[in-house]
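Q: Please see the structure below; I have some questions.
Here's what the structure looks like:
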């Protein structure tokens, strides 16, 4: 996907366009943060939003100090393993502390900027899943581990000429693992990290009472959730277009179709989720529709730049059908307490997008490359992050104590609520 | 059980690498990689099931 040398360099117009797109991309982070806050409880809203900002800051600093070194950049120095007559580029060897970035080619600077935004996005995904019980110190520790150790390795493999990017050259598997806007590198990794965080931190008190059904704990502000989705759309357009330009060297003329595909995938997903919840519950469910919209955007991260418009719409519809059903299965059948729906939205949405990119991309062998990429992220990174989080939890406990959870994260961690005029009632879900 | 599932999952990853190296032809390679993904899926199901058993009330690993 990203040949180490001979990559077409960006024109001046391309440089300006990519810079503008990357400036818009943080809106995806802002939108996701707003959705995370809205899906949590009112007594934890300020902590949730401040936590998003702190987690993003920690991830950016961690990536600047350590992560960017391991991530490396296209054509840069790397550790290579020789196995079965092939070169397996497995770890970047960039300069420490971003040394020399000022004099680096503009394309390299843009690639590093993309990776910075990507690591920030990946870090807030598990934070949303830990809503209402994750301490900010725990969230920062998670972000630090993700940004310094986990994300950089995967980013190098996928984007910076690593072995997944070279699958096409080494094994004739299409164009290598195609993930132009980070469906695997950001969202599948983030969603699986969210699952690991939930396993380590546990569910909210009273969520799964003994001998009963799961307690419904709906989000506290549907307006935040839905407005967050609209804000995220702008950011996603930035991510998808910049990713297509930077990582698969899509020509400027193809970018409008990539943008169109992004819109169609999101629209298809929302329509499908709206229909499924309307049929299933009698009325459409706002928070599930928001999850469907975001899952469609996540799926578009893999597929928007490589598929035609009608398949993009079909990918969205498939994602939108899966989303509400999987949210229900995870909560009711397997007792996973995921307030933001991150596992469904980010992990499952990414899986649909990555598989679809393999099915609809024109290059022969692309499906194999996509499957190897998925097998790598699922089989290697989920156990790896879980192990790291288990160890980390010994030193920096993720979860707040039961008293903190009872009074709410705002009062416990910040000393004041997000809505001081509100009267806080006793939570009837405690039994 | 949760750890057993998580140990099985990397085995699926190594199977997918083995498929790349051992099978140059597309069809057997794809079949082998799909089997590797199936192994990972089994590992994931076992891990999910393992964590389910520990959380019948409000218990998490950290408590």
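Protein chains in written order, with my numbering: chain C, 42 to 472; chain U, 109 to 171. We treat Cβ as the ideally placed atom computed from N, Cα and C, and that holds for glycine.
Do residue 66(C) and residue 279(C) come within 8 angstroms of each other at the CB atom, strictly closer than that value?
A: Yes, the Cβ-Cβ distance between residue 279(C) and residue 66(C) is below 8 angstroms.
Q: Since I believe residue 436(C) is in contact with residue 195(C) (beta carbons under 8 angstroms), could you give me their beta-carbon distance rounded to a whole number of angstroms?
A: With 8 angstroms as the limit, residue 195(C) and residue 436(C) do not qualify as a contact, their Cβ atoms being about 24 angstroms apart.
Q: When DSSP labels each residue in this structure, what does residue 404(C) get in the three-state scheme?
A: Three-state DSSP puts residue 404(C) in coil, outside helix and strand.
Q: Looking at the C-beta of residue 240(C), does it have a partner C-beta in chain U at a distance below 8 angstroms?
A: So yes, residue 240(C) belongs to the interface.
Q: Apply the 10 Å Cβ neighbour rule to residue 94(C) and answer buried if 16 or more other Cβ atoms are within range, or exposed otherwise.
A: Exposed, by the Cβ-count rule.
Q: Starting from the beta carbon of residue 129(U), find every residue of chain C whose beta carbon is closer than 7 angstroms, and list them in chain order.
A: Going along chain C in sequence order, the residues near residue 129(U) (Cβ under 7 angstroms) are 125.
Q: Evaluate contact between the stretch 417 to 431 of chain C and the stretch 110 to 128 of chain U, counting only Cβ atoms and requiring at least three cross-stretch pairs below 8 angstroms.
A: Contact holds: three or more Cβ-Cβ distances are below 8 angstroms.
Q: Spatial neighbours of residue 395(C) within its chain, please: CB distance less than 6 angstroms, with the 5 preceding and 5 following residues excluded, ordered by chain position.
A: Result list for residue 395(C): 224, 225, 343, 411, 415, in chain order.
Q: So residue 293(C) is in the beta strand (DSSP E); what residue range does that whole segment cover?
A: Run containing residue 293(C): none; DSSP gives neither H nor E here.
Q: Are the CB atoms of residue 320(C) and residue 363(C) within a distance shorter than 8 angstroms?
A: No, these two residues do not count as a Cβ contact at 8 angstroms.
Q: DSSP three-state label for residue 42(C), please.
A: The pLDDT assigned to residue 42(C) is 38, lower than 50, so where the model puts this residue is not dependable, and the model offers no usable value.
Q: Using a C-beta cutoff of 8 angstroms, does residue 21(C) count as contacting chain U?
A: Lying outside 42 to 472, the shown extent of chain C, residue 21(C) is not represented and no answer is given.
Q: Please report the distance separating the alpha-carbon of residue 286(C) from that of residue 61(C).
A: Roughly 12 angstroms separates the two Cα atoms.
Q: Who are the neighbours of residue 416(C) on chain B, taking C-beta pairs under 7 angstroms?
A: Although the question refers to chain B, the structure presented lacks it and instead comprises the protein chains C and U.
Q: Establish whether the CB of residue 62(C) and some CB of chain U are separated by less than 8 angstroms.
A: So no, residue 62(C) is outside the interface.
Q: Looking at the secondary structure, which residues open and close the alpha helix (DSSP H) in which residue 57(C) lies?
A: Note, residue 57(C): alpha helix (DSSP H), 53 to 65.
Q: Taking Cβ-Cβ distances shorter than 8 angstroms, what residues in chain C pair up with residue 109(U)?
A: Residues of chain C passing the Cβ test: none, with the nearest at roughly 13 angstroms.
Q: Spell out the partners DSSP gives residue 127(C) in its beta bridges.
A: Looking at the DSSP assignment, residue 127(C) forms a beta bridge with 124(C).
Q: Return the Cβ separation of residue 114(C) and residue 201(C) in integer angstroms, given the expectation that the two are a contact with Cβ distance under 8 angstroms.
A: That belief holds up - the Cβ atoms of residue 114(C) and residue 201(C) are roughly 5 angstroms apart, short of 8 angstroms.
Q: May I ask you to report which of helix, strand or coil DSSP gives residue 440(C)?
A: Reduced to three states, the DSSP call for residue 440(C) is strand.
Q: Is any beta-carbon of chain C found at less than 8 angstroms from that of residue 138(U)?
A: Cβ-Cβ to chain C under 8 angstroms: yes for residue 138(U).
Q: Determine the burial state of residue 144(C): buried for a count of at least 16 other Cβ atoms within 10 Å of its Cβ, exposed for fewer.
A: With fewer than 16 other Cβ atoms within 10 Å, it is exposed.
Q: For residue 165(U), name the three-state secondary structure that DSSP assigns.
A: With a pLDDT of 48 at residue 165(U), under the threshold of 50, the modelled position of that residue is not reliable, and the figure given next carries that caveat. Of the three classes helix, strand and coil, the one that applies to residue 165(U) here is coil, per DSSP.
Q: State yes or no: is the beta carbon of residue 453(C) nearer than 8 angstroms to at least one beta carbon in chain U?
A: No, residue 453(C) lies away from the interface with chain U (no Cβ there is under 8 angstroms from its Cβ).
Q: Measuring CA to CA, which of 97(C), 125(C), 258(C) is closest to residue 246(C)?
A: Considering only alpha carbons, the answer is 258(C).
Q: Let me see if you follow: with CB-CB separation under 8 angstroms, is residue 218(C) close to chain U or not?
A: Not an interface residue.
Q: So with CB distances below 8 angstroms, who are the chain U contacts of residue 424(C)?
A: Within chain U, the residues near residue 424(C) are 114, 115, 117, 118.
Q: Here's a check: name, in chain order, each residue in its chain whose Cβ is nearer than 7 angstroms to the Cβ of residue 106(C), leaving out the five neighbours to either side.
A: If we look at residue 106(C) and ignore the five residues flanking it on each side, its Cβ neighbours are 138.
Q: Around the C-beta of residue 248(C), are 16 or more other C-beta atoms found within 10 angstroms, so that it is buried, or is it exposed?
A: Buried, since its Cβ has 16 or more Cβ neighbours within 10 Å.
Q: Contact criterion: CB-CB distance below 8 angstroms. Does residue 135(U) meet it with respect to chain C?
A: It does not; no Cβ of chain C falls within 8 angstroms.
Q: Measure the beta-carbon distance from residue 242(C) to residue 440(C) and round it to whole angstroms, keeping in mind my assumption that it falls under 8 angstroms.
A: That belief holds up - the Cβ atoms of residue 242(C) and residue 440(C) are roughly 5 angstroms apart, short of 8 angstroms.
Q: Would you say residue 226(C) faces chain U, with C-beta separation under 8 angstroms as the test?
A: With 8 angstroms as the cut-off, residue 226(C) does not count as an interface residue toward chain U.
Q: Consult DSSP for residue 175(C) and reduce its assignment to one of helix, strand or coil.
A: The answer is strand: DSSP assigns residue 175(C) an E or B state.
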